[in-house]
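Here the structure comes first, spelled out in structure tokens, and everything after it is commentary.
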Amino acid sequence: MAGLLEIRWHGRGGLGAVTSAELVARAAISEGKYAQSFPSFGPERRGAPVIAFLRISDESIRTRTAIDEPDIVVVLDPGLLRVVDVTSGLKDNGKIIINSRKSPAELKSEFGYKWPVAAVDATRIARETIGMPITNTAMIGALLKVTEVVKLDTVVEQLDERFGARAKGNIEAMKRAYRETVIKE
Amino acid sequence: MKEKSIKFGKNVVTTEEFVAEGHSFCVGCGEALALRLACKALGKDVVVANATGCIEICTSPLPVTSWRVPWIHTLFENTAATVSGIEAGLKILMKKGKMPEKDIKCVAVAGDGGTSDIGIQALSGAFERNHDFLYLCFDNEAYMNTGIQRSSATPYGASTTTAPAGKLSIGQTTWKKNMPEIAVAHNIPYVATACPGYPFDLMNKVKKGGKVRGPAYVHIFSPCPTGWRHASDLAVEIGRLAVETGVFPLYEVENGRYRLNIDRSKLRPVEEYLKTQGRFRHLLDEEIAKIQEHVNDEYAKLKAKVACFAA
Amino acid sequence: MSRRVGLEASLAAAEAARMADVDVIAAYPITPQTHIPERLAEMVADGELNAAYIPVESEHSALSACLGAAAVGARTFTATAGQGLELMHEVVYVASSMRYPIVMTVCNRALSAPLSVWGDHSDVMAVRDTGWIQIFCQNSQEAFDLTLWAFRVGEDSRVLLPVMVHFDGFHLSHVTEPVVLPEQEEVDGFLPRFRYPFALNPDKPMTHGAFGPPDIYSEAKIAQEVAFRKSKDVIIQGFKEFGDIFGRYYHLVESYRAEGAKTLLLTMGSFSETAKIAIDLKKSKGESVGLISLRLWRPFPFEELRQAVGNAETLIVFDRCISFGGPGGPVSSEIKSALYSEKNRPEVVSFIGGLGGRDMAVEDFEYVIERGREIVEKGSKELFETVGIRGKVTGIRG
Amino acid sequence: MAEKRLKTGSDFTWRDMEVGNVVKEAGNAALRRTGDWRSQRPVIDREKCNKCGLCWLYCPDAAIKPLEDGYYEADLFYCKGCGICANVCPKEAITMIEEEEK
Numbered sequence: 079m080a081g082l083l084e085i086r087w088h089g090r091g092g093l094g095a096v097t098s099a100e101l102v103a104r105a106a107i108s109e110g111k112y113a114q115s116f117p118s119f120g121p122e123r124r125g126a127p128v129i130a131f132l133r134i135s136d137e138s139i140r141t142r143t144a145i146d147e148p149d150i151v152v153v154l155d156p157g158l159l160r161v162v163d164v165t166s167g168l169k170d171n172g173k174i175i176i177n178s179r180k181s182p183a184e185l186k187s188e189f190g191y192k193w194p195v196a197a198v199d200a201t202r203i204a205r206e207t208i209g210m211p212i213t214n215t216a217m218i219g220a221l222l223k224v225t226e227v228v229k230l231d232t233v234v235e236q237l238d239e240r241f242g243a244r245a246k247g248n249i250e251a252m253k254r255a256y257r258e259t260v261i262k263e
Numbered sequence: 328m329k330e331k332s333i334k335f336g337k338n339v340v341t342t343e344e345f346v347a348e349g350h351s352f353c354v355g356c357g358e359a360l361a362l363r364l365a366c367k368a369l370g371k372d373v374v375v376a377n378a379t380g381c382i383e384i385c386t387s388p389l390p391v392t393s394w395r396v397p398w399i400h401t402l403f404e405n406t407a408a409t410v411s412g413i414e415a416g417l418k419i420l421m422k423k424g425k426m427p428e429k430d431i432k433c434v435a436v437a438g439d440g441g442t443s444d445i446g447i448q449a450l451s452g453a454f455e456r457n458h459d460f461l462y463l464c465f466d467n468e469a470y471m472n473t474g475i476q477r478s479s480a481t482p483y484g485a486s487t488t489t490a491p492a493g494k495l496s497i498g499q500t501t502w503k504k505n506m507p508e509i510a511v512a513h514n515i516p517y518v519a520t521a522c523p524g525y526p527f528d529l530m531n532k533v534k535k536g537g538k539v540r541g542p543a544y545v546h547i548f549s550p551c552p553t554g555w556r557h558a559s560d561l562a563v564e565i566g567r568l569a570v571e572t573g574v575f576p577l578y579e580v581e582n583g584r585y586r587l588n589i590d591r592s593k594l595r596p597v598e599e600y601l602k603t604q605g606r607f608r609h610l611l612d613e614e615i616a617k618i619q620e621h622v623n624d625e626y627a628k629l630k631a632k633v634a635c636f637a638a
Numbered sequence: 007m008s009r010r011v012g013l014e015a016s017l018a019a020a021e022a023a024r025m026a027d028v029d030v031i032a033a034y035p036i037t038p039q040t041h042i043p044e045r046l047a048e049m050v051a052d053g054e055l056n057a058a059y060i061p062v063e064s065e066h067s068a069l070s071a072c073l074g075a076a077a078v079g080a081r082t083f084t085a086t087a088g089q090g091l092e093l094m095h096e097v098v099y100v101a102s103s104m105r106y107p108i109v110m111t112v113c114n115r116a117l118s119a120p121l122s123v124w125g126d127h128s129d130v131m132a133v134r135d136t137g138w139i140q141i142f143c144q145n146s147q148e149a150f151d152l153t154l155w156a157f158r159v160g161e162d163s164r165v166l167l168p169v170m171v172h173f174d175g176f177h178l179s180h181v182t183e184p185v186v187l188p189e190q191e192e193v194d195g196f197l198p199r200f201r202y203p204f205a206l207n208p209d210k211p212m213t214h215g216a217f218g219p220p221d222i223y224s225e226a227k228i229a230q231e232v233a234f235r236k237s238k239d240v241i242i243q244g245f246k247e248f249g250d251i252f253g254r255y256y257h258l259v260e261s262y263r264a265e266g267a268k269t270l271l272l273t274m275g276s277f278s279e280t281a282k283i284a285i286d287l288k289k290s291k292g293e294s295v296g297l298i299s300l301r302l303w304r305p306f307p308f309e310e311l312r313q314a315v316g317n318a319e320t321l322i323v324f325d326r327c328i329s330f331g332g333p334g335g336p337v338s339s340e341i342k343s344a345l346y347s348e349k350n351r352p353e354v355v356s357f358i359g360g361l362g363g364r365d366m367a368v369e370d371f372e373y374v375i376e377r378g379r380e381i382v383e384k385g386s387k388e389l390f391e392t393v394g395i396r397g398k399v400t401g402i403r404g
Numbered sequence: 170m171a172e173k174r175l176k177t178g179s180d181f182t183w184r185d186m187e188v189g190n191v192v193k194e195a196g197n198a199a200l201r202r203t204g205d206w207r208s209q210r211p212v213i214d215r216e217k218c219n220k221c222g223l224c225w226l227y228c229p230d231a232a233i234k235p236l237e238d239g240y241y242e243a244d245l246f247y248c249k250g251c252g253i254c255a256n257v258c259p260k261e262a263i264t265m266i267e268e269e270e271k
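Protein chains in written order, with my numbering: chain L, 79 to 263; chain F, 328 to 638; chain A, 7 to 404; chain W, 170 to 271.
As structure tokens, then:
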């Protein structure tokens, strides 16, 4: 289906991967696009690896299955890189976005990724903006830097609506990550 | 593998693990610790009937199991009925010589919802019929496996997803159902409360309950970092605070006679306990005062019962 | 002005209950339904919804509390799934035979054992003969629309029957997707206040639930059966009224590119949308194939099914449930019996898959269509075949 | 010797299922690694440690192992890094260090 973007988010129970996918989906829908987000179905345990899925398209989305061949993979916690094959099924022209202190080049050589890699130290940004190492809103900024799937401002509206009084820190986290994300083709 | 153990003063604890390492409880789960200690107290000659809930889900995803003792899960609301069948079955088979005599303890394991809500009818029946079994209720004060929904064991003022703190609500508006007292009302031989913050007290009570001929009930406080919104290293500390503030007193009722196990001359203020957990963060001072008053009142009632049996 | 938002099917159902100004909610949490009672409890806690939220201690009590609420004339809503629907099973029969128009969302979930919190249609099939109106959603928009519709039809004085709104656990209950939410005025225009003619009230004392001696029980049940079947007229009227106000028209049997198709695939629930993609691919290769999906499950849409089938030669029925030792797929057996007396009825082929949360990809539906046709052409003694299950199954004789 | 790997569902066709789905191999979930859940890990300072064993007693995951010489050590295959051992250690001999990107 033309114009369909499939994104897989890798996080841990309690780290908000599902929330990031949902916030971007709601932003895309409020821009008039079609979108679909859902968690990897099953009981979530704090600390255990979890996956969330996001589809965005110009046409209505009718696929009712998990995403096996994503266009983009977003990794909220660098510890997962040694634990989960985050690149399984990643399309040849796919991209990887990783929360990491290392540069894209270091990550590419360390893990042998043939895909373009984007990186940002979302953990540090999250600690400095919302005081907790919850990286889900920061990694939305990283995603938007790699591909402008939705406008930053639309996500800001969603963050206001979702986090209310606590939105400010999350918005700051997203914007900083947007600025600080670096990409290596 | 020779039975090995580690000594803590006069307490000897087996190094055998009856719930295998590698289970999938959340990071820092107080219930996982309480279960580990309880199983050590019971040993291997048991049959465990387990309700649906965190313990069951974290230990038994097909095709593997963390259990190293005979274990069965059927449904959510019928644990005490299932264990009644196990106990009666073993007893009659031994009586009819169809299986060798052996001292096998039938143990039921369930959460607070599985015990004081959906499973209370089956439990009352099993108590009344005087089956020889030990019932362990692991109380993390809400339906945690399905995602922190309120139960009758959720404390007053706590915010959960189905009794949330909101503009018009402080969260749970009812006081915690006193399940141990409901067990006592069935006139069963042994009832006790326990907490993983006091591991030897917990293990002694589980052992004692296991030795009772007839129904025994141990209600085990199980701090839950995910549901109570506290840091993952605080389960033991919060368990102790609950006892020291009188929120969760440790006591035994043997054949109706009350005995307090940990009696502090002066209770620590309940606020010290409440402020460690995000689920109470929204409470205003007057609500905290109301909780303090209720804790003092309940503790006094317990002390009164203990007093009238003090030999 | 209606607004288009991203909303999970569960939250869409809760929103519909809110806009219907529901009076009493009695529900017990069970995966994958939990977001519904959670959202409703939040609405009540924040004053967005003026309703009594009863956090009952089990599903048996959830529906029992709903009986009481409906009996005094309150608009009543609950939601459950899988084992929860089973635990309230005996109360389900009572609700329909006492004619209480309770609306219940069911996030369809597999049945134990083994325990599965994931989606399939085995819980639906367990309540097949309970006398509730039962309808299937394919997406979050329908989860919203059909909940409103359920109150309108169930509460109609010519009906007064409870309604189950089914949508697939996780595959819909946990998926955020576009939903158009109408204005409150539009909803109020569609859904009149609930006026229950027999409300228990000291002003006019009545007895509900008297027992049925042998000389009258049969008459009571036949009266219920006749009323249940007649409810189809109001069901159709309800769809029409809904379409006229909200612009979305629903049908008892939905057809997708099925006109004159030689081969038809039949599905129920959200997997129908994935199946549509398979149909498009097949059509683009010039194959004569189409899709029909049952929206109304009970009362069974016999006439509408026959019209939708037309003179197709092959009808491939995809079931998400096993009827053990019986007709294989329960839906396929209903379809066979509905078409039994049709002169040129199609060959009906039965496939079972999608159990316990297993995905059905587009390729899986393409396989079902190809294999289904092959079975008709070459013949097969198997009662049903499976899709997406490891290990070939043979020797299942009808 | 049984293949030492955690069995998963996809290892099974319907023919391999045990009657009633009984799991006959007690404790076979012990092969599951949970150490990758960690975001921090305990380090025990033997100078301060008095071998009291409370870290072993209070570990929810039975991930602290007694060593021959009486000291204790976290088994990183299992340890989820919750920090309870550090919290209960009477000698403050255990510190949690961030699971730095290696």
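All C-beta atoms, glycine included, are put in the ideal place defined by N, C-alpha and C.
DSSP state of residue 211 of chain A mapped onto helix, strand, coil: coil
I'd like to know if residue 120 of chain A contacts chain W, where contact means its C-beta is closer than 7 Å to some C-beta of that chain. yes
Measuring only the C-alpha atoms, how far is residue 106 of chain A from residue 200 of chain A? 12 Å
If contact means a Cβ-Cβ distance below 8 Å, which residues of the segment 76 to 101 of chain A contact chain F? 89, 93
Between the alpha carbons of residue 235 of chain A and residue 323 of chain A, how many angstroms are there, rounded? 24 Å
Indicate whether the contact test is met: 3 or more Cβ pairs, each with one atom in the segment 418 to 429 of chain F and one in the segment 446 to 457 of chain F, closer than 8 Å. no
Check whether the segment 383 to 400 of chain A and the segment 345 to 365 of chain F are in contact - that is, three or more C-beta pairs closer than 8 Å. no
The segment 387 to 419 of chain F: positions lying closer than 9 Å to chain A by Cβ: 387, 389, 400, 401, 402, 403, 404
Distance check for residue 380 of chain F and residue 192 of chain W, CA to CA, integer angstroms please. 19 Å
Quick one: is residue 344 of chain F near chain W, going by C-beta distance under 7 Å? yes
Within 8 Å, do at least three Cβ pairs link the segment 139 to 156 of chain A to the segment 206 to 226 of chain A? no
Alpha carbon to alpha carbon, how far is residue 156 of chain L from residue 176 of chain L? Give it in angstroms, no decimals. 7 Å
Straight-line gap, residue 40 of chain A to residue 15 of chain A (C-alpha atoms, nearest Å): 12 Å
Do the CB positions of residue 515 of chain F and residue 491 of chain F come within less than 7 Å of each other? no
Please check if any C-beta of chain F sits within less than 7 Å of the C-beta of residue 37 of chain A. yes
Chain F contacts made by the segment 46 to 79 of chain A, where a contact means CB separation under 7 Å: 47, 48, 51, 52, 53, 61, 63, 64
Grab me the residues of residue 228 of chain W's own chain with a C-beta within less than 7 Å of its C-beta, minus the 5 sequence neighbours each way, in chain order. 253, 254
Starting from residue 219 of chain A, follow the beta strand (DSSP E) in both directions and report where the run begins and ends. Premise fails: residue 219 of chain A is in no beta strand (DSSP E) and is neither H nor E.
Going along chain W in order, which residues have a C-beta closer than 7 Å to the C-beta of residue 333 of chain F? 222, 225, 235
Interface residues of chain F around residue 214 of chain W at Cβ under 8 Å? Those within 8 Å of residue 214 of chain W in chain F number zero; the least Cβ separation is about 17 Å.
At a CB-CB cut-off below 9 Å, which residues of chain F make contact with residue 126 of chain L? 351, 353, 354
Sorted by chain position, which residues of the same chain lie with C-beta nearer than 8 Å to residue 622 of chain F's C-beta, five sequence neighbours on each side aside? 572, 573, 574, 594, 597
Give a yes or no on whether the minimum CB-CB distance between residue 487 of chain F and chain L is below 7 Å. no
Just verifying my parser: in three-state terms, what is the DSSP assignment at residue 338 of chain F? strand
Here's a check: name, in chain order, each residue in its chain whose Cβ is nearer than 6 Å to the Cβ of residue 428 of chain A, leaving out the five neighbours to either side. Lying outside 7 to 404, the shown extent of chain A, residue 428 of chain A is not represented and no answer is given.
Under a CB-based cut-off of 7 Å, is residue 473 of chain F close to chain A? yes
Got a sec: which bits of the segment 322 to 356 of chain A sit with their beta carbon under 9 Å from any beta carbon on chain B, in order along the chain? As a matter of chain content, chain B is missing from the structure shown, whose protein chains are L, F, A and W.
CB residue 212 of chain L to CB residue 247 of chain L, shorter than 7 Å? no
CB of residue 193 of chain L within 7 Å of CB of residue 172 of chain L, strictly: yes
Leaving aside the five residues before and after residue 161 of chain A along the sequence, list all residues of the same chain whose C-beta is less than 6 Å from its C-beta, in chain order. 107, 200
Cβ of residue 275 of chain W less than 7 Å from any chain L Cβ? Outside the displayed span of chain W (170 to 271) sits residue 275 of chain W, for which this structure offers no information.
Apart from the five residues just before and just after residue 341 of chain A, which ones in its own chain have a Cβ nearer than 8 Å to its Cβ? 272, 311, 321, 323, 354
For the segment 446 to 531 of chain F, which segments carrying the beta strand (DSSP E) assignment without a break, of at least 3 residues, lie completely within its bounds, in sequence order? 460 to 466, 517 to 521
List the DSSP bridge partners of residue 435 of chain F. F/376, F/462
Simplified DSSP assignment, three categories, for residue 124 of chain A: coil
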